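This report refers to the structure that appears directly beneath it.
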Amino acid sequence: MSARLLARSARAAATVSLCVTAAFGLAAPAQAVSPPSPGYLDLPATNWDGSGGGGLNTQLPTDPATLLRSLDADRAAGVAPRRYSTLLHQYWLTVGAQRSGIDLNRWDPNRGLRANLDTVNKVYDNYLRYQNADPRLYWAGMAGLAGASFASGFLDLQDVGGVVAADPVHRLGDAVGNALRIVPTPLGMRLPADVRALADDGPQLSSADVEWYQRRLLTMQKHIYVDMVPMHEAYLAGGMPAVDEMAAAGLLDDNAVQAWRDVAAGTPADLSDALVRMASREQNQIVADQWDVTAADDGHRGRVLAYATTVAAEPAIPGSHAPGIFDPVHTSAELAGSTWQVSAPLPAFNWADRDARWRYIADDLVPAYRSLIQDHPGQAQPLLHTPLATLVAQERILTRLPSFTAELARSLRVTRSTR
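Number 418 marks the last residue of the sequence shown (numbering that gives the first Met the number 0); no jumps.
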């Protein structure tokens with residue numbers, strides 16, 4: 000066969016091959032062997048606890064549109080949800096961050112409060128946004144209002160120049176120590192250890208101690224956001240099917256799924272149950288271990304600063320009580336044939352302790368917020384639309400310290416009774 004004929008035959012064979020491929024899609028298997036989203040499957044959530052900057056894994060982008068394309072490819076390919084778990088989590092996290100006006104790439108608790116202050120405020124504004132967008136989202140509203148007290152504590156530890164300062168803690172410790180001077184020493188030794196530590200050690204804490212504590216709080220704030228915001232965004236966008244996908248991916252447990260079923264049901268009893276379940280997840284699952292580590296810090300600075308936070312707390316939820324009113328100090332002792340008692344409007348518990356913290360939330364904050372929303376909607380709506388900066392200004396302990404000191408001196412009681 001001549002060379003010209005061989006070339007003609009080769010061109011004909013190639014033409015037939017192309018026609019068959021076009022007609023029957025025989026080239027499709029070659030395309031299907033590539034993974035649907037290279038590099039985005041089976042990724043660990045290395046920053047799930049909020050301790051670092053950025054999102055859940057540095058290999059993932061922080062642009063929701065880019066993430067969604069990979070996520071849709073995984074779904075279309077029938078990939079098991081657990082394999083794209085971190086991708087799914089990151090997608091809803093970035094949706095929430097974008098709507099909150101938060102730059103995930105710059106959100107790093109290790110940079111301190113000054114660098115993160117705008118983000119701190121946007122976190123709580125976002126929670127209030129959820130409640131205002133959907134009246135059934137009780138947890139978000141409670142978190143937003145309670146966050147005013149949290150954010151005011153941050154600001155109280157900064158001077159006007161934005162430099163970390165320990166002076167507010169010193170002044171609070173001095174106020175408690177001065178008030179306790181009327182307590183006989185043997186009786187004073189029976190007071191809760193946290194009360195004595197604030198009076199003795201609070202005035203000795205340094206700015207470095209306060210800065211360390213701020214970073215601990217910033218980390219916990221981000222951890223809560225990373226966990227709670229994605230499920231809120233998923234539900235608002237896709238309802239229960241989106242929640243079920245997160246559960247199938249291993250991101251939500253039965254308690255969380257039931258909370259969203261309660262939200263979907265929408266009765267007052269269901270919404271109340273959802274509030275308790277979400278609050279329990281927040282405090283007993285998300286940050287419980289981080290509070291334990293904070294409280295166990297060497298030198299007791301964690302417990303002293305956590306107790307100072309507890310003393311200073313004044314929740315912006317009408318009907319709720321300051322910790323020192325909810326569970327005030329009351330101690331007694333038998334001394335030289337007499338019964339001595341001391342009572343003071345100081346908390347008999349430390350916010351860092353998980354059981355005591357949960358009792359305060361479950362028995363005071365939750366009922367107060369539920370009553371506000373269900374029984375007094377006319378009072379709730381203006382409050383939920385109040386700018387966070389206004390709420391924070393009302394909660395500042397530096398603003399309230401003179402009245403707090405006067406009330407402590409006036410209300411502290413020492414009594415003695417003989418047999």
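Cβ atoms here follow ideal geometry from the backbone N, Cα and C, with glycine treated the same way. What you are looking at is a predicted structure, and each value in this text was computed from that prediction instead of being measured.
- For L274, the enclosing alpha helix (DSSP H) covers residues P267 to S279.
- By the Cβ rule, the stretch 144 to 156 counts as touching the stretch 386 to 395, because three or more pairs are nearer than 8 angstroms.
- Following the DSSP letters along the chain, one finds T45 in no beta strand (DSSP E), marked with neither H nor E.
- By alpha-carbon distance to A192, the top candidate from V286, Y306, S271 and M239 is Y306.
- Per DSSP, reduced to three states, the secondary structure at T385 is coil, with no helix or strand assignment.
- In summary, T93 is buried, with 16 or more beta-carbon neighbours lying within 10 Å of its beta-carbon over all protein chains present.
- Around the C-beta of N349, 16 or more other C-beta atoms lie within 10 Å, and the residue is accordingly described as buried.
- Boundaries of the alpha helix (DSSP H) harbouring W211: S206 to A247, taken from the DSSP string.
- One thing to note: L87 has its Cβ no nearer than 7 angstroms to the Cβ of T61.
- Bridge pairing for T184: absent [DSSP].
- Here V310 is buried: its Cβ has 16 or more other Cβ atoms, across all protein chains shown, within 10 Å.
- Ranked by Cα distance from R105, the first of L144, T85 and G51 is G51.
- For S319, the three-state secondary structure derived from DSSP is coil.
- Along the stretch 285 to 365, the alpha helix (DSSP H) occurs as fully enclosed runs of 4 or more residues at 287 to 294, 300 to 311, 322 to 325 and 353 to 359, listed in sequence order.
- Judged by their CB atoms, A132 and A315 are not nearer to each other than the 7 angstroms cut-off.
- For T85, the enclosing alpha helix (DSSP H) stretches over residues S84 to S99.
- According to DSSP, T417 shares a beta bridge with S337.
- The continuous alpha helix (DSSP H) containing T118 extends over residues L112 to A132.
- Collapsing the DSSP output to three states places R135 in coil.
- Taking a contact to require three or more Cβ pairs closer than 8 angstroms, the stretch 113 to 132 and the stretch 376 to 391 qualify as touching.
- Excluding its 5 nearest sequence neighbours in each direction, R110 has C-beta neighbours in its own chain below 8 angstroms: G52, listed in chain order.
- For D253, the uninterrupted alpha helix (DSSP H) run begins and ends at D253 to A264, by DSSP.
- With fewer than 16 other beta carbons inside 10 angstroms of its own, T414 counts as exposed.
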